[in-house]
Amino acid sequence: MGTVSINVNGVDFTREVEPRLLFVHFLRDVLGLTGTHVGCDTSQCGACTVLVDGEATKSCTLFAVQLEGRKVTTIEGIAQAGKLHPVQQAFWDKHGLQCGFCTPGMIITTCALLDKNPKPTEEEIRHGLEGNICRCTGYHNIVKAVQEAAEKLPAARGN
Amino acid sequence: MIPSSFDYHAPATLAEAVALLGKYPEDAKVLSGGQSLLPLLKLRLGQAGHLIDIGKIPGLEYIKEEGGMLRIGGRTRESALERSEIVQKRYPILVDTAKVIADPIVRNLATVGGNLAHGDPGNDHPATMLALGAQVVAMGKSGERVIPIDKFFLGLFRTALQPDEILTEIRIPAPVEGSGGAYVKLERKVGDYATAASAAYVVIGTQGFVERAGIGLTNLGPTPIKATAAEKYLIGKKPETAALAEAARIAAQATEPSADRRGAVEYKREMARVLTGRALKKAVERAGGK
Amino acid sequence: MTTRNVGQPFVRRDGRAKVTGEARYSYEVAVPDAVYGVLVTSGIAKGRIVEIDTSAAEREAGVLAVISHKNALRLPGEPHLEGPDRVVQALQDDRIRYSNQPIAVAVADTFERAVHAAMLVRVNAEVAAHTVRVEDELHNAFPHKIMAGGKLQEPDESHGDVAAGLVAGAARVEEAYETPFETHNPLEPHATVASWSGDRLTVYDASQWVFAVKKKLAKGFGIPPENVRVVTKFVGGAFGCKGSAWSHVVIAALAAKQVARPVKLALSRHQMFGPVGGRPRTRQKVAVAAQRDGKLTAIRHETVSPTSRFDVFVEASALQARHLYASPNIESRHRIVRLDIGTPTFMRAPGESSGSFALESAMDELAHRLEMDPLALRLASYAEKDPADGKPFSSKSLRACYQEGARRFGWEKRPRTPRSQTRSGQFVGMGMATAMYPANFAPAQALARMLPDGSAQVESGTIDLGTGAYTVFAQIAADELGLPFEKVRFDLGDSDMPEAPIAAGSMTAASVGSAVLVASRALRDRLIRTAIVDSASPLHGLAPIEIRAEDGRLVATSGKSDSYVELIRRAGGKPIEERGKTAPGDEREKFSMHGFGAHFAEVLVDPDLGTVHVSRMVGVFATGRILNARTARSQFLGGMVWGIGMALHEHSVFDEKLGRIMTRDLSDYHVAVNADVGSIEPLFLEEEDAHVDPAGVKGAGELGLCGAAAAIANAVFNATGKRIRELPITPDKLL
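Residue numbers (the numbering used here), protein chains in the order written: chain A, 1 to 159; chain B, 1001 to 1290; chain C, 2001 to 2735.
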């Protein structure tokens, strides 16, 4: 066991953990943040994606101990004061989800994508999200959601 | 899926990391980006009593040109490579390569050093580094040594790195006038390991003849393959369609693919030929050949 | 009835919970004191466990129990139901029947410890000879009745003289086609949380059918069904594999009983390959012949698919041949063989998806042989009534689907001959295929309740697989009750609610939608009656026929009105509720009921690498009433992309020697990712179908996949001249 201190969604958490504890299980089992999902075990599906210091990261392929002192944002930390983040709103409005299991990862990856590339082409969106599998929607509406978010984000940021 | 128990070490310096590796010679693994290592440990295809996380060691992530070389820190992440201006401008073959590794999220953690040190013939950088004639810098308890890339891959998941050595830098000769390279990969679907892939690098002299050629092949044998005969063939030739096709044919002969779900032996050889032809063509185009 | 809500493309009700991460899937439900169960599965395909050594696992810190057949409690009852339920292996004996079969469960206080304990279990097994090859068992192939569309159907059907019809045609195609084993792979792995309190059991399960889980567990554990409650509020995709309670569900409940703690058990992705079904491989033969003018003289469709040694599932690939095209001579035949595999099960469009690949490929081949436009061939044998029995279709707008699809897609630009059109160095090909899926309808119940605040609460124990059930059923109820959408809450996913059928077979909208409609209508009528007899109501003494529901009020033709709030207040302030039930009736005997559609696909094929990119798909579908265009459209988008997966990627590859699936993670089992997909355009042609069910709905979940793989395969032929009769179309097959 060792101690790890990680800032998750603006709150510092210090916990005793086994080194083999995957970060995704730290979030889900230790902190009870179950919005980050486990889909594949082999880092294909992206359902476990969180932001580590602003970068999209698959939390199933990372040990909690590696994140000492890092800042993490999960799906639970995206909305501000109960107001949905424009990316969340866009996924909802554009029906970029069905079962919703991939959605937290999709949204997180989209946030990171738009952060680096605020006006992505469709091609860039599809490749930017190629590490997030959706088995329901056929991706079409996910692309639309990202485009919508890209349009709405600058204004939201200006506020 | 969870790995079996291990001790986690996060050394603050390279020397400390090397010392730790020396301390547990049989039982330690270097944790870089972890994007190959963690799945391996999780699926219990590998095991380690000690993980030495080199992520906390400063100064291992950089991309810079210095002394006629592009120097890439061993822990440099693929995403950094992709986004690097100097790489985009002067080493498009590296962008070709980085962009087809797994997916963008994985590339945020996966490192260039890890991609080489893993010794997986299915990884993408090895072929490119073979084509470019790169060097690998390793740091061990007896200090630093430079390993030419064509002496680096010894077998399936086996490299020239000693158990106490850490890959700290990759050096690539800076491009000269008339040089160009490209990496072309065939994958069953986006994000997959290569069914086959080919990296090609050419230097075309002012008279229009090939002065240097490098060809590396991915997932076409137990190790990444340097297609030496094809490289030699090209020297002194005009980089025209027929010569490139012949080089591609010779390169394909150097492969030792095994039949698997990605296809039969003959099919993969044929793909090696097609891909090498395409990589060479693109490399020549980038070299300004046409 | 006013339809201000039905048909509106409202955003999904569960959207907020899902985009914020608040939605709790079964594994995530907070149950105090829960411990973690992790399965140990078999590495061999067949045999007997001689010895199972759990001592090392049991010694690990935090391990509560390691349960195998040696120490598992004996279930007092057989955990098996009639119908589409599957036989399970719940640690009751030493037999290994397929690779990856659950043989033990490790229970520990943390997930990490449970995983590790499971890895420490050592099994010594006596290995028996196995086979997972259909070819090895063909000599034992046998017919079996088919459970499809809620009824048992004959494996073989024939009318006319097919042999003569095949000879009579001007052209004939007789070919063998094959579709591979596939695995559903919803993104959420199966998961169960089981919690006992005395002899009462509560289960949170990733399920498409809480009532089957409830009945099965009650039967297995020998307790009254009312002692079992099964809850499924959110499911992370299912596609059929969560339609049955598999072994792990029973094992979770068993382990929870044995360690006297709630147990959470999720399958790893690897454990999804074998123990929870999959689409079985099919070997199909299709013979079709036609006159010069394209009129079909005969259709013969035969299929063989495997099932397990201990249970039966028939992939009914040849059923659609009975109903799709007009021909005087039609024959269809299903055979199954037994293999040493986990039981296959229904996977999105079972039968229709695999079968349409064969039949619609054969039609394309026939068109090619006749030098006829593939669409014209289909029109030449357009079935005006069901060829199987001459019944009229309850509705059928397939002709319009063909026309609209062809127009939208630009079918007239289709290359006349293969390899004749290129775009940036790639061959361009276009193909089409027909889509057909039965309009299923099963008995369902719902409850509608008017609350004192004038809002309604409606419920049925159905499941929202992501399909939009939370949303569309509120739309139906809102219209019946004359309430704005926001004033109706629809809840689901609990076996304490009125019983609903399995959320599968594209029948939830039809079945539960109709029950909701009936329950809401009953509630409205009850409220009307209450008003009429209430001397204080402005509507007192009026005839029901004079009263309609509107904007939260009952309104008379005279203009007088009474609000629900007032009405309930005067009636004593208690909620008023009604139940509704629907079941298929006589109409089903009088009409043939199917959804139809037409797929058009464009592919780009690299001539040297053989890679196929589906650049464009247009699908036009007519499937009755569309309750919500947004949720319905998404079903078709998803179905069409499944068609891409089926055509190009998906394949559970067996290692025949070991008898196990090798492609047992998402690295090797390929599903389409975002960058694999081009432009997908589904369209609907709305139909008024007065016969199909009270809701007028024919189902949307599966139709989009039917025929999709064939359209792509046909496009590949059009591009390359290569006919791939064995899915998936991997690059190596095109060279």
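Where a beta carbon is used, it is the ideal one built from N, C-alpha and C, also for glycine.
- Listed in chain order, the non-local C-beta contacts of Arg2004 of chain C below 7 Å within the same chain comprise Asp2479, local neighbours out to five positions each way being set aside.
- Within chain C, the residues Val2653, Met2662, Thr2663, Asp2668 have their CB atoms less than 8 Å from the CB of Arg1261 of chain B, given in chain order.
- Any Cβ of chain C closer than 8 Å to the Cβ of Ile6 of chain A would place that residue at the interface, and such an atom is absent.
- In this structure, the straight-line span from the alpha carbon of Glu2577 of chain C to that of Arg15 of chain A is close to 50 Å.
- Excluding sequence positions up to five before and after Ile1172 of chain B, its CB lies within less than 6 Å of the CB of Leu1070, Leu1132, Ala1134, all in the same chain and listed in chain order.
- For Val2249 of chain C, the enclosing alpha helix (DSSP H) begins and ends at 2247–2259.
- In the three-state reduction of the DSSP assignment, Asp1150 of chain B falls in the helix class, which pools H, G and I.
- Where Met2640 of chain C is concerned, there is no enclosing beta strand (DSSP E), although the alpha helix (DSSP H) around it starts and stops at 2629–2644.
- Annotation for Pro2501 of chain C: Ala2442, Ala2444, Ser2511 place their beta carbon closer than 6 Å to its own, counting only its chain and skipping 5 residues before and after.
- Of the other Cβ atoms in all chains shown, fewer than 16 fall within 10 Å of the Cβ of Pro2575 of chain C; this residue is therefore exposed.
- Closest in alpha carbon position to Thr2557 of chain C, among C:Gln2258, C:Pro2538, C:Tyr2564, is C:Pro2538.
- Residue contact with chain A for Ile2502 of chain C: absent (no Cβ-Cβ distance below 8 Å to any residue of chain A).
- Against chain C, the beta carbon of Glu130 of chain A has neighbours under 9 Å at Val2673, Asn2674, Ala2675, Asp2676, listed in chain order.
- Closest in alpha carbon position to Arg2086 of chain C, among C:Asp2689, C:Leu2075, C:Ala2713, C:Thr2343, is C:Thr2343.
- Per DSSP, the unbroken alpha helix (DSSP H) holding Tyr2402 of chain C starts and ends at 2398–2409.
- According to the DSSP assignment, Glu2578 of chain C belongs to the beta strand (DSSP E) that extends over 2576–2582.
- DSSP, read as helix, strand or coil, puts Arg2024 of chain C in coil.
- In this structure the region 85–99 of chain A does not lie against the region 2600–2608 of chain C, because fewer than three pairs of beta carbons, one per stretch, are closer than 8 Å.
- Neighbours of Leu62 of chain A in chain B, taken as residues whose beta carbon is under 8 Å from its own, are Gly1034, Leu1038, Leu1109 in chain order.
- Chain B has no Cβ within less than 8 Å of the Cβ of Asp2109 of chain C.
- Within the region 2041–2109 of chain C, the beta strand (DSSP E) runs of at least 3 residues that lie entirely inside it are, in chain order, 2047–2053, 2063–2068, 2102–2108.
- In this model, Gly1180 of chain B and Thr2345 of chain C are separated by some 53 Å (Cα to Cα).
- Counted as a single uninterrupted DSSP element, the alpha helix (DSSP H) harbouring Ala150 of chain A occupies residues 140–158.
- Under the Cβ distance rule, Phe1157 of chain B does not count among the residues neighbouring chain A, no pair being separated by less than 8 Å.
- Residue contact check for Gly35 of chain A against chain C: a CB pair falls below 8 Å.
- Counting only the Cα atoms, Thr1159 of chain B lies some 23 Å from Glu1231 of chain B.
- Contact between the region 21–34 of chain A and the region 1074–1084 of chain B is absent, with fewer than three C-beta pairs closer than 8 Å.
- The alpha-carbon of Val2173 of chain C is positioned some 15 Å away from that of Asn2714 of chain C.
- At a cut-off of 8 Å between beta carbons, Ile2680 of chain C contacts chain A.
- Within its own chain, the residues whose Cβ lies closer than 6 Å to the Cβ of Ala2118 of chain C, once the five positions on either side in sequence are excluded, are Val2038, Val2040, Ala2106, listed in chain order.
- Using a 10 angstroms sphere on the CB of Glu2365 of chain C, the tally of other CB atoms reaches 16 or more, which defines it as buried.
- By alpha-carbon distance to Pro86 of chain A, the top candidate from A:Phe13, A:Glu151, A:Leu113 is A:Glu151.
- Partner residues in the beta bridge of Ser1179 of chain B, as assigned by DSSP, are B:Val1203.
- Sequence-ordered contacts of the region 1158–1188 of chain B with chain C read Leu1186, Arg1188 [C-beta pairs closer than 7 Å].
- Ala2549 of chain C is a Cβ neighbour of Leu2481 of chain C, given a cutoff of 8 Å.
- Contact with chain A is absent for Lys2242 of chain C, since none of that chain's Cβ atoms lies less than 8 Å from the residue's Cβ.
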